[in-house]
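If you're matching them up, the sequences are chains P and Y in order.
Oh and the first sequence: position 245 is 245 in this note's numbering, straight run, nothing missing.
Oh and the second sequence: position 188 is 188 in this note's numbering, straight run, nothing missing.
Just so you know, even glycine gets a beta-carbon here, dropped at the ideal spot from N, CA and C.
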Amino acid sequence: MTPNETRATGPATAGRAEPIVVARGLRKIFPGRAGDEPVIAVDDVSFELFPNECLAIVGESGSGKTTVARMLVGLETVTAGELAVRGESRAAGVKRLADRRRWAKEVQYVFQDPYSSLNGRQRIGDIVATSVALHAGDTATRRAVQRRALEILDSVGLDERFAAKHPHQLSGGQRQRVAIARALAADPAVIVLDEAVAALDVSIQAQILNLLADIRAAREVSYLFISHDLAVVNQISDRMIVMEQGRVVDGGRTAELLAEPVHPYTRSLRAAVPRPGWRPVRRERLAS
Amino acid sequence: MTDPLLRLDNVRAALRLRGGEQELLRGVSFTIGAGEALGLVGESGSGKSLTTRAITRMLDPAFRVTGDIAFEGASVPRMNAQALRRYRQRDVGMIFQDPRAHVNPVHRVGDFLTEALVRDRGVDRRDAERRAVELLDEVGVRTPEQRLRQYPHELSGGLLQRVMIASVLLAEPKLILADEPTTALDVTAQSDVMAILDEQRRARGLSLLFITHDLELAAACCDRLAVMYAGEIVEQGAHVYEAPRHPYTIELLGARPSIEHRVERLPVLRYDRAAHELLKAEAS
Ligand SMILES: Nc1ncnc2c1ncn2[C@@H]1O[C@H](COP(=O)(O)OP(=O)(O)OP(=O)(O)O)[C@@H](O)[C@H]1O
Ligand SMILES: Nc1ncnc2c1ncn2[C@@H]1O[C@H](COP(=O)(O)OP(=O)(O)OP(=O)(O)O)[C@@H](O)[C@H]1O
Ligand SMILES: [Mg+2]
Ligand SMILES: [Mg+2]
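Printed below as a string of structure tokens:
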């Protein structure tokens, strides 16, 4: 336990609602391929995600951030520990299609690569409408679904002209808006954003970060925001946890943690960010 | 005045299309002196990689290239095949964003490092291996002898990028073209790789063209910056990061979130092609 652990587990506003997501002692071990040692990708990870907050997960490449996210959305099984969304355990994995659908309605996932995460043969309007229809239930009429899809596209800054286009006709930033629109169409409680702005230009990154803030101002939604860009994390998140080699080593309110990092690993991450007067520094000799 | 190491003079590259031509480099001019580092920054599609390909004369034949590129006073477009080969093999070294795409996955690290020396320079294999081991050690790779026997997939991205730097240094070039060498790495690996590149470049007096879209990183590692927009350099010099003058540079710097301060909303870039053409028309 670190001194920051208590800061990390407290809600954004003390005494507020129940957490939506609770992870306790979460572990993921990948079996090693022939002759290799098994990989402990996630090791005793605990955190809580509260309604209407943005929790960032930061850490070096390979620290286990994506694996945590994949377990949360049911793309990966849980080796040990507890993972619950609104009190319902997800640790056992998805068995029935109905469960998968119910889970997807609560937790949606936006990937890093806007190029490969959308079906190239579907029109933008249909991509979003499919997600609306899937989560709206059987009572929704076709017209209502179409109208809702257009509203959602509009809310991410894509007017109806975009509905008839295909993903390849859009810029990277526009495609990432479509991915966010598709996630919003499920009306989820949680959106997991895994390096969702990493591949985008600064100008488009700014638009998407503003959009994410706008969405949160307009409706209740929580973000689990995965990134190794601490400037982006500072802009978007309320709290953050820091992962190193599968473990959570630090956590707390983002502004405080970045202003005065105490944990040596957080300090080293903070020190590696280029800024005025900064010089790159060499680490110890690399063994891997 | 002596010639700079590299001089680009009004370089234009136009893509030949059925209906006409599309100019993608629109009059690029800059110089890099011996031992100097120039940072070339700009957003995706602005022409940074095309510029490096123009420098090594590796642009797609579909491009019509005009303007001059001079290396140590010799015109690159006018080099004959032999001179060009020598220029590419000995004078310039290249480091790319994705090292995995530029190594043969079934060749061991040792073969990758020594191949060019043995084949193109007639260096004895044992000597080449000894030099490779020395250089791996200098760029901070532990147990270099063991590394020579490994395959690229057995190395992390940061480690493989160190191997790439070692391979470029082995050829003893005068100029390094580094096209987003750290974009695929996390911040700690980035800091590490840039420190090694910087230290080795200074120790050897090499020149560097460093391409990135990270202005902070470029400012920290380069003597001067050049900012590209739509195939043109809109502003260059040592002042760019601290005191930008061009509206595009100012907006680009402003749109980046800060690790120190959180803002209500990030400023969004207003600068576009129309504003760009208008500004040019006013200036002339
Ligand atoms: N399917 C898998 N099989 C075996 N090992 C895996 C698998 N997926 C991930 N790993 C390993 O688990 C560890 C954590 O990987 P993960 O992708 O979660 O890291 P990350 O923090 O998201 O890194 P990055 O910043 O590079 O995306 C790494 O060592 C990785 O190689
Ligand atoms: N072989 C080619 N044929 C046609 N167009 C090309 C070719 N190579 C590049 N282009 C176009 O030229 C423009 C500049 O491309 P370039 O690769 O130089 O951009 P860049 O500044 O390196 O961007 P990035 O940051 O994304 O790497 C882009 O519009 C690109 O689509
Ligand atoms: Mg990841
Ligand atoms: Mg490029």
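CB contact below 8 Å: residue i versus chain P
i: Cys-221 (chain Y); result: yes
i: Asp-198 (chain Y); result: yes
i: Gly-157 (chain Y); result: yes
i: Ile-233 (chain Y); result: no
i: Gly-35 (chain Y); result: no
i: Leu-269 (chain Y); result: yes
i: Ser-258 (chain Y); result: yes
i: Glu-43 (chain Y); result: yes
i: Ala-195 (chain Y); result: yes
i: Leu-252 (chain Y); result: yes
i: His-276 (chain Y); result: no
i: Glu-216 (chain Y); result: yes
i: His-213 (chain Y); result: yes
Buried versus exposed call for residue i [16 or more other C-beta atoms within 10 Å across all chains shown]
i: Lys-95 (chain P); result: exposed
i: Asp-238 (chain P); result: buried
i: Leu-97 (chain P); result: exposed
i: Ser-288 (chain P); result: Low per-residue confidence applies at Ser-288 (chain P): pLDDT is 48, beneath 50, and the placement is therefore not dependable enough to give any value.
i: Glu-18 (chain P); result: exposed
i: Ala-189 (chain P); result: buried
i: Arg-100 (chain P); result: exposed
i: Ala-186 (chain P); result: buried
i: Met-58 (chain Y); result: exposed
i: Gly-125 (chain P); result: buried
i: Ala-23 (chain P); result: buried
i: Glu-282 (chain Y); result: exposed
i: His-239 (chain Y); result: exposed
i: Val-262 (chain P); result: exposed
i: Leu-269 (chain P); result: buried
i: Ser-191 (chain Y); result: buried
i: Thr-13 (chain P); result: Low per-residue confidence applies at Thr-13 (chain P): pLDDT is 49, beneath 50, and the placement is therefore not dependable enough to give any value.
i: Leu-75 (chain P); result: exposed
i: Leu-252 (chain Y); result: buried
i: Lys-280 (chain Y); result: exposed
i: Ala-219 (chain Y); result: buried
i: Gly-137 (chain P); result: exposed
Residue i beta carbon near ligand 4 (any heavy atom closer than 7 Å)
i: Lys-105 (chain P); result: no
i: Ser-49 (chain Y); result: yes
i: Asp-179 (chain Y); result: yes
Nearest-angstrom beta carbon gap, residue j and residue i [assumed within contact, 8 Å]
i: Gly-93 (chain Y); j: Val-193 (chain Y); result: Actually they do not touch by this definition, with Cβ atoms about 15 Å apart.
i: Ala-195 (chain Y); j: Arg-282 (chain P); result: 4 Å
i: Ser-207 (chain Y); j: Gly-33 (chain Y); result: 7 Å
i: Leu-145 (chain P); j: Val-156 (chain P); result: One point to set straight first is that residue 145 (chain P) is Val, not Leu, in the sequence displayed. Their Cβ separation, rounded to whole angstroms, is 17 Å, which puts Val-145 (chain P) and Val-156 (chain P) out of contact at 8 Å.
Closer than 7 Å: residue i CB and nearest ligand 1 heavy atom
i: His-228 (chain P); result: yes
i: Val-39 (chain P); result: yes
i: Phe-225 (chain P); result: no
i: Asp-223 (chain Y); result: no
i: Asp-186 (chain Y); result: yes
i: Phe-111 (chain P); result: no
heavy atom of ligand 3 below 7 Å from residue i C-beta
i: Glu-60 (chain P); result: no
i: Lys-65 (chain P); result: yes
i: Asp-194 (chain P); result: yes
heavy atom of ligand 2 below 7 Å from residue i C-beta
i: Gly-173 (chain P); result: no
i: Ser-89 (chain P); result: no
i: Gly-67 (chain Y); result: no
i: Asp-332 (chain Y); result: The requested residue 332 (chain Y) is not part of the displayed model; chain Y covers only 1 to 284.
i: His-213 (chain Y); result: yes
Any chain Y beta carbon closer than 8 Å to residue i
i: Pro-264 (chain P); result: no
i: Asn-234 (chain P); result: yes
i: Leu-269 (chain P); result: yes
i: Glu-60 (chain P); result: yes
i: Asn-210 (chain P); result: yes
i: His-228 (chain P); result: yes
i: Arg-177 (chain P); result: no
i: Asp-44 (chain P); result: no
i: Val-281 (chain P); result: yes
i: Arg-253 (chain P); result: no
i: Ala-14 (chain P); result: Reliability fails at Ala-14 (chain P), whose pLDDT of 47 lies under 50, so the model's placement of it is uncertain and no value is given.
i: Pro-38 (chain P); result: no
i: Gln-207 (chain P); result: yes
Closer than 8 Å to chain A by CB, residue i
i: Gln-190 (chain Y); result: No chain A appears in the structure shown, which is made up of the protein chains P and Y.
| query | What runs of the alpha helix (DSSP H), each 4 residues or longer, lie entirely inside the stretch 255–286 of chain P? | reply | 264–271
| message | At 4 residues or longer, what runs of the alpha helix (DSSP H) sit wholly inside the stretch 59–109 of chain Y? | response | 81–86
| Taking only runs of the alpha helix (DSSP H) that begin and end inside the stretch 124–199 of chain P, which ones reach a length of at least 4 residues, in chain order? | 124–136, 142–155, 172–185
| At what residue ranges does the stretch 61–114 of chain P contain a whole run of the beta strand (DSSP E), taking only runs of 3 or more? | 80–85, 107–110
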